[in-house]
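Numbering (our numbering), first residue to last: 10 to 81. Glycine included, each C-beta is placed from N, C-alpha and C at the ideal position. From a predicted model like this one, the values you see are computed outputs, not experimental measurements. Just below is one structure, and these are the notes that go with it.
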Amino acid sequence: MPIRKIYNKCPFCDKGKNPDYKSYKDLAEFMTDRAKIMPATRSGICSKHQRQLSVAIKRARILALLPFSEKI
């Protein structure tokens, strides 16, 4: 299992951006190896952006940009 960087500050607040379902490569950074959404305590995202991130990941999954589960 690769070591993941634990952020001290919210990366979305630092950049001044909001999570978007179209930038699925950036969203994949906040998912585990089993394609689950990483908790805010581990990723360091504030609660506002964590809610937006979960909605964006779910939209990207519906549009088949991100997987629903890991490949077996």
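Short of 8 Å from the beta carbon of residue 43, and not among the five residues preceding or following it, lie these beta carbons of its own chain, in chain order: 78, 79. Taking C-beta separations shorter than 8 Å and ignoring five residues to either side along the sequence, the partners of residue 46 in its chain run 39, 40, 62, 63, 66, following chain order. By the CB criterion at 7 Å, residue 30 and residue 60 fall outside the cutoff. Rounded to whole angstroms, the separation of the alpha carbons of residue 54 and residue 48 is 9 Å.
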